[in-house]
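Student:
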Amino acid sequence: MMRGFRLEVERRIREALEKMECADIELPIEIPPDAAMGDLAVPCFLLSKNLRKPPQKIAEELAAAVRKGEPVERIEVKGPYVNFFIDLEKLKADVLKEALDKREKYGSLEKKNIRILVEHTSANPTGPLHVGRARNPLIGDSIVRILRMAGYDVTSEFYVNDVGKQVVTLAYGVQNLQPEGEADRERDDYRLVLNYQAASRLMEEDPSVLDEINGMLYDLEHGDEKTIMIVRESCEKILNAIIGSLREINITIDQFTWESKFIQERKVAEIIDRLKKSPMCKQEEDGAYALDLGSYGIHGKETDFIFTRKDGTSLYTSRDLAYHLDKFGRCDIAIDVLGEDQKLGQMQLSAALDIIGEKRRAEYIFYAFVSLPEGRMSTRKGTVVYLDDLLDEALSRAMTEVKKRREDLSEERMRRIAKVVSVGAVRYNIVRIQAEKQIVFKWEDALNFEGNSAPFVQYSHARACSILKKGLEEGTDWKDYDPAKLVKKQELDLVKAIASLPMIVDDCAESRKAHPMAQYALELATLFNQFYQFVPVLRADEAERKARLALVEAARWALGNSLSSLGIEAPDEM
RNA sequence: GGGCGAGUGGCCUAGUCCGGAUAUGGCACCGGCCUCCUAAGCCGGCGGUCCUGGGUUCGAAUCCCAGCUCGCCCGCCA
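Numbers 223 to 796, taken from the numbering used here, label the letters of the first sequence in order.
Here it is in structure tokens:
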């Protein structure tokens, strides 16, 4: 509804500008700093240059030229601004009706029939997920959910690296080494990472081990069944454990594409042949092939993009090229969620796509890493916080909080609340920050249950549910509610916020950003809490009670759906 | 050395694409609110050279130039 209003105001401004013979000018539409000033505002500074009149005067002329009538309730000129007020009576009626009808679908947009493939996580299956890269699944999954809400057909995909040196090193370690020390957890990812670490160390110390690993890599790329099997087996074990960790934070991935597939199907070899035919291709002295990408603006110490090793085996980006071509064939829009360390590689990939005459490109969501106050997380140095540990700690703290507040509940119900709260807190805390900003991990922030946090929003939802439940018990309902009975500031502000959800979904989907949704959920919850504080529902007279109950029900869906778009569950009680 | 990104009260953060009305919230701190729908809440207070310096503009957190700080990258790793 706010979305419709914005579109309508845009259209009318365009019409008015045509009348004023300024059709070539596009005026910005913004939200005034204070709601009392209007719901949308159009500043007229831009026009003053063309018409050579003061913006105040133009604002008056523009306001006069704009078509009136629904859904615009009135237009006010305030200095250089033309302020638009939405027809609140209609808004109230529309919002309540739509939210109450659509329920868990409220906020979802019409189907677009566009297929989007979102690749995210794609962690090397060499060990457990750690917080340093946890933004990838969390941002990725939130974007998947938001895009779905916006009407896209979305598939999430995990690209499994079962080809490169890392995984061969892992397989070597699993085959040949018996690492000392105990795994942090009795799970394959924690157990096998020890083999991987041991093999990595050994490889650095002992050149013969390196030779053997390189030999395995060569065999792997030349389709040696046994080697493929060995590597795949350890990868699968770790991958399954990673999938388990992801499930704990409400993330499921639709499909997995194994990197080895592109080697087996000879797609990588085809790409390499095509690249070799490029005039930019050159062979290094020892036999490796490279592209000189200086003409693509890729500079540095070394402008060469090496795409085969000296023994002819492929490198990651060459395989990624085959993967991207494959992806383009399976969707209309491909989105890659990647760490910022991948930027150069993807620029090289883009250049290589151009060289082979491919026009399509992936869209990227790059994120900065989560580091520790002491610096970067490193598995080797042992300076890591595993996602599982963060989740466990969050759960235990959430349980303490629940016990403190709700000793009336059964152990089982407390546990369920603690689980939902802890997962929400972790997800929200990471996704609320724009992706390109680096995050320094601090326990007290990650486990914050107050203020700008998921539990804050979840709590509002629980309060709404509590009112509705009590209302039901008292035998009241909102049948034949009259939206006109909502007149208090807290009620109107809440209505407007609920009405904004579809617009926020649209904005987040089109900008491929999840953090504004977190911001919105917080604002909505704040407004609900204010309403809760100052406007009685069940104790109000019948007409007000019905209208307010309807509003609470609408708010409950808006809160729940904004949370669910971030993969966070909304509990009925807390 | 080069490329990319970030820099907003003590701490975290929105706004930056597309310049516009007193810069958004949270944490912390101080004060107030539970005989009334859950106080994980609400109300009030404190706190800002929007990294620095130039420039463009009627107007700059936002655009341009230069510099500083931090992160990431510049592997025949992935």
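Just so it is clear, CB atoms sit at the ideal spot from N, CA and C, and this is done for glycine as well.
If I measure Cβ to Cβ from Ala393 and keep anything under 6 Å in the same chain, skipping five residues before and after, which residues do I get?
Tutor: Ile452, Val453 and Ser456
Student: Mapping the DSSP letters down to three states, classify Gly354 as helix, strand or coil.
Tutor: helix
Student: Alpha carbon to alpha carbon, how far is Glu795 from Ser600? Give it in angstroms, no decimals.
Tutor: 39 Å
Student: Determine, using beta-carbon pairs with one atom in the region 604-616 and one in the region 690-699, whether at least three such pairs fall under 8 Å.
Tutor: no
Student: For Asn335, which of helix, strand or coil comes out of DSSP?
Tutor: coil
Student: For the putative contact between Gly349 and Ser593, defined by C-beta atoms under 8 Å, what is the C-beta separation to the nearest angstrom?
Tutor: Rounded, the Cβ-Cβ distance is 18 Å, inconsistent with contact.
Student: Among the residues of its own chain, which have a CB less than 8 Å from the CB of Val389, if the five just before and after it don't count?
Tutor: Asn346, Pro347, Thr348, Asn383, Val453, Ser456 and Cys457
Student: Rounded to whole angstroms, what's the CA-CA distance from Asp476 to Arg413? Just pull it up for me.
Tutor: 26 Å
Student: If you draw a straight line from the C-alpha of Gln752 to the C-alpha of Asp630, how long is it?
Tutor: Roughly 26 Å between the two C-alpha positions.
Student: Confirm, please, whether the CB-CB distance from Gln278 to Pro302 is below 8 Å.
Tutor: For Pro302 and Gln278, yes; Cβs fall inside 8 Å.
Student: How about Arg734 and Ile365: are their beta carbons less than 8 Å apart?
Tutor: Cβ atoms of Arg734 and Ile365: closer than 8 Å.
Student: Roughly how many angstroms lie between the CA atoms of Pro255 and Leu690, to the nearest whole one?
Tutor: Spanning the alpha carbons of Pro255 and Leu690 requires a straight line of approximately 33 Å.
Student: According to DSSP, simplified to helix, strand and coil, what is Lys504?
Tutor: The answer is strand: DSSP assigns Lys504 an E or B state.
Student: Apart from the five residues on each side of it in sequence, which residues of its chain come closer than 8 Å, Cβ to Cβ, to Ile253?
Tutor: Asp261, Leu262 and Ala263
Student: Would the region 425-443 and the region 320-340 be scored as touching if the rule is three or more Cβ pairs under 8 Å?
Tutor: At 8 Å Cβ cutoff, the stretches do not touch.
Student: In three-state terms, what does DSSP make of Asn305?
Tutor: strand
Student: Suppose contacts are defined by Cβ-Cβ distances below 8 Å. Is Lys549 in contact with Leu369 by that definition?
Tutor: no
Student: Kindly indicate which three-state DSSP category Ala792 falls into: helix, strand or coil?
Tutor: DSSP places Ala792 in coil when its eight states are reduced to three.
Student: Rounded to a whole number of angstroms, what is the C-alpha to C-alpha distance between Ala769 and Pro705?
Tutor: About 6 Å.
Student: Rounded to whole angstroms, what is the Cα-Cα separation between Ala684 and Pro724?
Tutor: 22 Å
Student: Mind reading off the beta-carbon distance from Val288 to Ala356? Whole number of angstroms is fine, and I expect it under 8 Å.
Tutor: Actually they are not in contact, since the Cβ atoms of Val288 and Ala356 sit about 49 Å apart, beyond 8 Å.
Student: For the alpha helix (DSSP H) that Ser733 lies in, which residues bound it at each end?
Tutor: Lys711 to Ser733
Student: Which value, in whole angstroms, describes the spacing of the CA atoms of Asn674 and Leu744?
Tutor: If you take the alpha carbons of Asn674 and Leu744, they lie about 7 Å apart.
Student: The beta strand (DSSP E) that contains Lys300, what's its start and end?
Tutor: Val294 to Lys300
Student: For Ile528, which of helix, strand or coil comes out of DSSP?
Tutor: Strand at Ile528.
Student: For Thr477, which of helix, strand or coil comes out of DSSP?
Tutor: The amino acid at residue 477 is misidentified as Thr; the sequence shows Gln. The answer is strand: DSSP assigns Gln477 an E or B state.
Student: From the DSSP output, in three-state form, read off Val759 for me.
Tutor: coil
Student: Run the CB neighbour count on Thr474, radius 10 Å, all protein chains shown included, and call it buried at 16 or more, exposed below.
Tutor: The C-beta of Thr474 has fewer than 16 other C-beta atoms within 10 Å across all chains shown, which makes the residue exposed.
Student: Please state the DSSP three-state secondary structure of Pro265.
Tutor: Looking at Pro265 - three-state DSSP - the assignment turns out to be strand.
Student: Out of Met621, Val648 and Arg496, point me to the one whose CA is closest to Met636's CA.
Tutor: Met621
Student: What does the Cβ neighbour count give for Asp446, buried or exposed, with the cut at 16 atoms within 10 Å?
Tutor: exposed
Student: How far does the alpha helix (DSSP H) with Phe550 in it reach, from first residue to last?
Tutor: Taken as a continuous stretch (DSSP letters only), the alpha helix (DSSP H) holding Phe550 covers Tyr538 to Phe550.
Student: Give the secondary structure of Glu596 by DSSP, where H, G and I count as helix, E and B as strand, and everything else as coil.
Tutor: The answer is coil: DSSP assigns Glu596 none of H, G, I, E or B.
Student: Please report the distance separating the alpha-carbon of Gln486 from that of Arg654.
Tutor: The straight-line gap separating the alpha-carbon atoms of Gln486 and Arg654 is approximately 41 Å.
Student: Comparing C-alpha positions only, which one of Ile520, Asp526, Tyr518 and Val385 sits nearest to Ala510?
Tutor: Asp526
Student: My assumption, with CB atoms under 8 Å, is that Leu785 sits in contact with Ala776. Please give the rounded CB distance.
Tutor: Rounded, the Cβ-Cβ distance is 15 Å, inconsistent with contact.
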